[in-house]
Amino acid sequence: MSDEKVQSISSGISVSDQEARRRFQHGEAEIEEVPGENSLHRGLKARQISMIALGGAIGTGLIIGSGTALVRGGPLGILLGYSYVGMVCYFVMVALGEMAAYLPHKKGFAGYATRFVDPAMGFALGWNYLLKYLIVTPNNINAAGAVIQYWTTKVHIAIWMVIFILFVFCINLLGVRVFGELEFWFSGIKVVTLIGLILMGLIIDLGGNPRHDRLGFRYWKAPYGPMGHYLQSAVDNEHLSIFLGFWSTLTNALFAYIGTELIGVTVGEAENPRKNIPIAIRRTFFRILIFYIGGVFVIGLIVPSTEDNLFVANKAKTGAAASPFVVATTLAGIRVLNHIINAAILLFVLSAANSDLYIGSRTLYGLAVERKAPRIFTKVNRMGVPWPALILCTLFSGLVFLNVKSASQKVFGWFVNLVSTFGAITWMCICYSHIRFMKALTAQNISRDSIPYKAPMQPFGSWLALISTAIITIFKGYDTFIPFKSDTFVTSYIALPVFCILWAGYKVIYKTSVIPILEVDLTSGMRVLDEEEKEFARVEQLKGPRTRLQRLWDNLTITVRVHSSQDHTFSENLDKMAIQSVSRSVMKKVLAIETEEGAGAMVRRSIGGMTLRNLTPFLMLDHFHISKGAGFPDHPHRGQATVTYMLEGSSRHEDSAGHAGLIKTGGVQWMCAGRGIIHAEMPVNEPGQPEPRGLQLWVDLPAKYKMVEPTYQELDPENIPSAYPAGPDGPQIKVISGKSHGVESPVRPLGGCWYLHIIFKKQGTVFQSIRKSAGWTTFVYTLKGGVKIGSDNVKHDPYYTLVLSASEGENGVTVTSTEDNTELVLIAGEPLDQEVVQYGPFVMTSREEIQKTFIDYRLAQNGFEKAHIWKSKIGGL
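Residue numbers (full-length UniProt numbering): 1 to 877.
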C-alpha cells in the first residue's frame with residue numbers, strides 16, 4: 001500500500017529534461033529511505049526530544065537580546081511584547097504538534113507543505129528553512145567568539161571561531177545518539193542556569209543583595225518606565241515613540257522565540273513519535289511561561305531601562321556585558337557572578353550552534369530526498385548522519401569570518417535580521433499547512449477528536465499566529481528608515497523576495513498547483529506508523545516494570561501521556577466504524593489531470609502521479625486518448641503486468657516475442673511482462689470510427705513472478721462475462737477479472753486482482769462484495785455521470801480516483817449512481833509485502849535488480865535478447 005518504499009533510479013540511463021521535469025512534477029522521481037540501507041536513524045529518546053524542545057532554542061535572543069528590548073520598550077513593553085509573541089509561538093508549536101503526531105515526517109516542515117498545500121510551497125519552505133540555518137549557525141559561532149573575548153583578546157577571534165566550528169561539526173558527525181545525548185545535557189544546563197538567573201533576579205528584587213535594597217516595582221515607575229521611548233530624538237510625538245518601542249520588542253521577541261520549532265525536524269528521528277511528540281509539544285507552554293515571559297518580567301524588575309551600562313552594552317557588545325542579568329549583578333554589587341553568567345552564555349550559544357547545524361543538515365537531506373536539492377545530499381553513513389549535507393552546512397559557517405573585517409555587533413545584527421525573517425516565513429508556512437490539514441480532515445470525514453494530538457483553540461490559533469507573524473515581519477524593519485540604513489534594510493527584507501522567487505520559479509518550471517482539499521494525502525505511511533508503534537509497545541513490555549526514577553519522569557509528563565492515549569481511541573473508532581457499515585468509504589480522492597505521454601498520446605493519470613504515487617499492488621492508472629499520429633511506439637517492460645481495456649475505438653499491439661493482435665472496443669489484454677519484453681501499442685484510426693480511448697492499469701507482480709516468461713490473456717468484448725444483480729434493466733457489471741454476483745472471469749492474473757466495469761443506464765444502487773473482508777486495496781475510477789460511495793452523501797464527478805478504506809468488517813462497496821448513463825471501474829488487489837523500486841517501465845524489488853535490468857537491456861540478454869535488433873511494424877509514426 002502507500003507505505004511501500006518506492007525509489008526512482010537514474011544511474012545509467014539518460015533522460016530528457018522534459019521527461020525529468022514531468023517525473024519530478026508527478027512525484028515519480030522521489031526517493032525515500034529503504035529499510036536495510038543507510039538512512040536517518042530513529043535514535044532520539046523521549047527525554048532527549050523533550051529536553052531539546054524545552055531548552056534547545058534558548059540562546060542569545062533571550063539572554064542577550066532582551067537587553068535591547070528593555071531599552072526600547074521599557075519593563076511593561078518587553079513583558080507585553082514577549083507575552084504576545086509567546087502566544088503566537090505557542091499556537092505555531094501546537095499546530096506543528098498536531099501534524100507531527102498524526103504523521104511524523106522525515107522531511108520536516110517542507111514535507112507537510114508539499115503534502116497539504118502545494119509542492120512549490122514545500123520547495124520554497126525547505127530552501128527558506130535551510131537558508132535560515134545556513135545563517136544562524138555562523139551567527140551563534142560569531143556570538144561565541146564575542147563572548148570569549150570578554151575574558152581575553154590575546155588570541156585572535158578567528159582562531160576561536162575555527163575551534164568552535166570544528167567542535168559542533170564533530171558532535172554532529174558522531175550521529176544522532178551522541179548529538180541527542182549531548183544536547184540533552186546542554187539543554188538541561190541551560191534550563192537550570194536560566195531558572196537560577198530568574199531566581200537570582202527575584203532575590204535581588206526582594207532585597208536579597210549586598211545593599212539590601214528592596215526594588216519591588218521601582219523600575220516600572222517614572223522616570224524609568226513602564227514604557228520605553230525609542231527613537232525619541234527622531235520622532236517628535238511621545239506616544240508614537242512609545243508605540244515604536246513596544247513594536248521593537250515584538251521583533252526582538254520574534255528572534256528570541258525563533259528556533260522553538262526545532263521539534264518539527266527531530267520527529268524524523270524520534271522513537272514512537274505519536275506518543276513522544278505530544279509530550280514535547282505540550283511542554284512548550286510551560287517553557288514560554290516560565291523562561292521567556294518569566295525571564296523578561298524579572299529583567300524589568302531588576303534593571304532600569306534607562307541604565308547607562310545597559311545602553312553601552314547594548315550598542316557595543318554581544319558578550320556577557322550585553323546581558324541585562326550581568327547589568328543587574330553589577331548594580332546589585334555582586335562581582336564574581338558576571339564571569340559565571342558569561343560561561344553560561346558561551347554554553348548557550350555553542351549549544352544553539354550545535355542544534356542549528358543538526359537542523360540545517362537534516363533540512364538539506366530532506367530536500368535532496370524530495371529531489372529538490374542535488375542527490376548527493378541523500379547520502380547517509382552507517383551512523384545515520386547525512387554527511388555531505390553536514391559538510392556543506394559546516395562550510396557555510398565560514399560566513400562568521402565577516403566578523404574579522406566588520407565589528408562583531410554589526411555582523412551579529414545582520415545575522416539577526418536575516419534569521420528573524422527566514423524564521424517568520426517558516427512559522428507562517430507551518431500555520432497555513434495546519435489550516436489546510438484541518439480542512440482536509442473535515443472534508444475527508446476524519447474527526448480531529450480521533451487523532452493522536454489535538455491542538456487547542458483551532459482554527460483561531462493558527463490564523464492568529466499566521467496574521468500576527470506576517471504583520472510583524474512586514475513592519476519589523478521600520479527603523480531602517482530613521483535614518484535610512486541600506487545594509488540593515490537589505491538584511492531585514494531580502495528573505496521575502498527570495499522565498500517568493502523560489503515558490504514562483506518552482507511553479508513555473510514544474511507547473512504545480514495548490515492541492516484540492518479532497519485530494520490532500522492523509523493516509524500514506526499510516527500503516528508503517530501503526531506497525532512501528534506496536535513494535536515499540538512490544539519492546540517496552542519486554543523491558544519489564546519501570547524504576548522509581550522512570551515513574552517519577554512519567555509523573556512529570558502525566559498530563560501529556562493521558563492526552564496521547566487518543567492513539568488508542570483512534571484505533572477503536574476505526575474498528576467501530578467497520579462494524580457499523582459493510583461498505584467501504586472514500587479515504588482519498590485524486591483528480592486525474594490530463595497530460596501528454598508517449599508519442600503525443602493524452603493520458604489522465606491518477607495512480608502513479610505525485611498525489612497518489614503508491615497503492616500496492618497498483619503502480620499506475622492511465623485513462624488514455626490517442627489521436628491520429630500519436631501512440632506508444634516501441635518500449636520495454638519488466639516486472640509488472642499491464643492491463644489494457646478499450647472503452648472506444650481499437651488499438652494494435654506487437655511485441656518482440658512475435659505476438660501481435662487487435663484490441664477492439666470493449667476488449668481487454670492482460671499482459672504479464674515478466675522477465676522482459678519490448679512492445680508497441682498504436683491506435684487504429686479509421687474514417688467514421690471514434691478515436692481510441694481506454695484504460696491502462698499497471699499491476700506489480702509478486703517477486704517470485706517477476707522473472708517468468710511473458711504471457712498474455714486476451715478477451716474480445718463478447719467473451720467478457722457480465723453480471724446483472726438487479727435484472728437486465730439494472731446495473732451491468734462487466735467482470736474483466738475476479739467475481740461478481742456469481743459471475744467469474746476466465747482471466748487468471750498472477751496475484752490477486754479484481755477488475756470490474758460497472759455501468760448504470762439509470763440511477764440506482766449496487767453492492768459489490770470484495771474477496772477479502774479487510775486488507776485488499778480497493779479503488780474506484782469514475783468515467784461518466786455521478787457516483788456516491790457507501791453512506792457518504794458526496795457526489796463524485798468523472799475522472800476521479802477514489803481510494804477506499806480497508807477496515808476489518810467492510811466486506812464490499814455500495815455504489816450509487818446519481819445520474820443516468822453513469823460508468824466507473826471498481827478495482828481491488830491484494831497488497832504485496834515487498835519493496836518497489838521503479839525506473840519507468842522497469843519495476844523490481846531492489847536497486848541491484850534494477851541495475852541488473854539496465855545491464856540486461858544494454859547487453860540484450862535475459863529477456864531482452866532482441867533489444868537492439870527488433871523493431872515493430874506498427875511503431876513507426
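Glycine is no exception: its CB is placed at the ideal position from the N, C-alpha and C atoms. Source: prediction; values computed, not measured.
With a CB to CB cut of under 7 Å and the five nearest residues on each side skipped, what residues in its chain are close to residue i?
i: Ser846; result: Glu835, Val837
i: Gln861; result: none
i: Gly649; result: Thr665, Pro683, Val684, Gln689, Pro690, Glu691, Pro692, Arg693
i: Val117; result: Tyr432, Ser433, Arg436, Val514, Ile515
i: Asp213; result: Gly207
i: Asp356; result: Tyr133, Val136, Thr137, Asn140
Once you ignore the five residues that flank residue i on each side, which residues in its own chain have a CB closer than 6 Å to its CB?
i: Phe186; result: Ser351
i: Arg604; result: Ala592, Glu594, His623, Tyr799
i: Val590; result: Glu519, Ser606, Thr611, Leu612, Thr801
i: Lys706; result: Gly639
i: Phe760; result: Pro731, Ser817, Thr822
Just to confirm before moving on: does the CB-CB distance between residue i and residue j stay below 7 Å?
i: Ala440; j: Val520; result: yes
i: Thr260; j: Cys89; result: yes
i: Phe324; j: Val298; result: For the sequence presented, residue 324 should be read as Pro rather than Phe. No, Cβ-Cβ distance for Pro324 and Val298 is not below 7 Å.
i: Gly785; j: Ser740; result: no
i: Leu824; j: Val794; result: no
i: Met227; j: Leu337; result: no
i: Ala146; j: Phe164; result: no
i: Val747; j: Gln768; result: no
i: Cys431; j: Ser462; result: yes
i: Ala353; j: Thr152; result: no
i: Asn139; j: Phe396; result: no
i: Pro452; j: Ala101; result: yes
i: Pro717; j: Gly666; result: yes
i: Gly423; j: Lys132; result: yes
i: Val92; j: Ala465; result: yes
i: Ile141; j: Leu418; result: no
i: Pro725; j: Val735; result: no
i: Trp776; j: Glu830; result: yes
i: Lys372; j: Phe123; result: yes
i: Tyr150; j: Asn342; result: yes
Is there a Cβ of chain B sitting closer than 7 Å to that of residue i, yes or no?
i: Leu130; result: Among the protein chains of the structure shown there is no chain B, as only one such chain exists.
Taking the C-alpha atoms as reference points, what is the distance between residue i and residue j?
i: Ile435; j: Val94; result: 12 Å
i: Asn209; j: Ala328; result: 11 Å
i: Lys871; j: His679; result: 9 Å
i: Gly36; j: Ala673; result: Unreliable positioning characterises Gly36 in this predicted model, as indicated by a pLDDT of 35, which lies under 50. The coordinate reading is nonetheless provided below. For Gly36 and Ala673, the distance between alpha carbons rounds to 28 Å.
i: Ser433; j: Tyr112; result: 6 Å
i: Gly608; j: Leu399; result: 43 Å
i: Gly300; j: Leu79; result: 8 Å
i: Ala344; j: Leu832; result: 55 Å
i: Arg448; j: Phe842; result: 41 Å
i: Tyr506; j: Glu848; result: 32 Å
Hey, out of the options, whose CA is closest to residue i's CA?
i: Pro459; options: Thr442, Asp792, Gln696, Tyr478; result: Thr442
i: Ala828; options: Asp820, Phe842, Asn811, Met844; result: Asn811
i: Lys762; options: Lys588, Asn821, Asp792; result: Asn821
i: residue 905; options: Pro721, Trp754, Thr814, Leu750; result: Outside the modelled stretch of the chain, which goes from 1 to 877, sits residue 905, for which no answer is possible.
i: Ala495; options: Ala373, Val508, Lys476; result: Lys476
i: Asp700; options: Val643, His653, Asp729; result: Val643
i: Leu62; options: Leu206, Ile148, Trp160, Ile293; result: Ile293
i: Thr421; options: Val85, Lys507, Tyr493, Gly863; result: Tyr493
i: Ile758; options: Ser66, Leu826, Tyr224; result: Leu826
i: Val708; options: Ile770, Ser651, Ile733, His637; result: His637
i: Ile472; options: Thr363, Leu697, Ile277, Phe246; result: Phe246
i: Ile874; options: Tyr219, Asp634, Trp160; result: Asp634
i: Thr491; options: His625, Glu183, Leu392, Ile474; result: Ile474
Going along the chain, which residues of its own chain have a beta-carbon closer than 8 Å to the beta-carbon of residue i, five neighbours each way excluded?
i: Asp792; result: Asn445, Ser585, Val586
i: Val523; result: According to the sequence shown, residue 523 is Thr rather than Val. Cβ within range, chain order: Ser2, Met587, Lys588, Val803.
Counting only runs of 3+ residues fully inside the segment 237-264, write out the beta strand (DSSP E) ranges in chain order.
-> Under the rule that a run must span 3 or more residues, no beta strand (DSSP E) segment is found entirely inside the segment 237-264.
In the segment 430-490, which residue ranges form an unbroken alpha helix (DSSP H) of at least 4 residues, counting only runs that do not cross its ends?
-> With a minimum length of 4 residues, the continuous alpha helix (DSSP H) runs that stay inside the segment 430-490 are 460-475.
Of all the alpha helix (DSSP H) runs that stay within the bounds of the segment 577-655, which reach a length of 4 or more residues?
-> none
Mind pulling the beta strand (DSSP E) runs of 3 or more residues that sit fully within the segment 680-721?
-> Within the segment 680-721, the runs of beta strand (DSSP E) that reach at least 3 residues and sit entirely inside it are, in chain order, 693-700, 711-715.
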